[in-house]
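Colleague: Numbering (the numbering used here), first residue to last: 507 to 591.
(1) Quick check: what's the CA-CA separation for residue 518 versus residue 579?
(2) Using the C-alpha atoms, what's the distance from residue 573 back to residue 556?
(3) Quick one: Cα of residue 566 to Cα of residue 516, how far?
(4) On the premise that residue 525 lies in contact with residue 449, defined as a C-beta separation below 8 Å, what is that separation, rounded to the nearest angstrom?
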């Protein structure tokens with residue numbers, strides 16, 4: 507994975523956009539990551555992996571008798587998202 511500054515990314519946008527097809531690029535500002543540019547194929551792959559993860563979690567919860575309904579799930583996820591901010 508390439509790591510570049512935001513000014514490099516701005517100045518060489520086309521070049522980095524093309525190279526993101528081959529490997530993800532981390533864009534940094536003041537030495538901290540602010541964005542990752544990746545190919546649509548890689549992005550779709552990550553979305554599929556996330557779906558599979560949540561399916562496995564739901565199946566495990568159901569098997570353990572820990573299944574929650576829609577409203578409880580939305581409340582739980584919203585709370586966890588707030589915690590991660």
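Where is the CB? At the ideal position from N, CA and C, for every residue including glycine. Bear in mind that the values here come from a model prediction, so they are computed numbers and not experimental data.
Modeller: Reading off the structure:
(1) So the alpha carbons of these two residues sit roughly 43 Å apart.
(2) Straight-line Cα distance between these residues: approximately 19 Å.
(3) Each residue's CA atom was taken as its position, placing residue 566 and residue 516 some 45 Å apart.
(4) An answer regarding residue 449 cannot be provided, because it is not within the stretch 507 to 591 covered by the chain.
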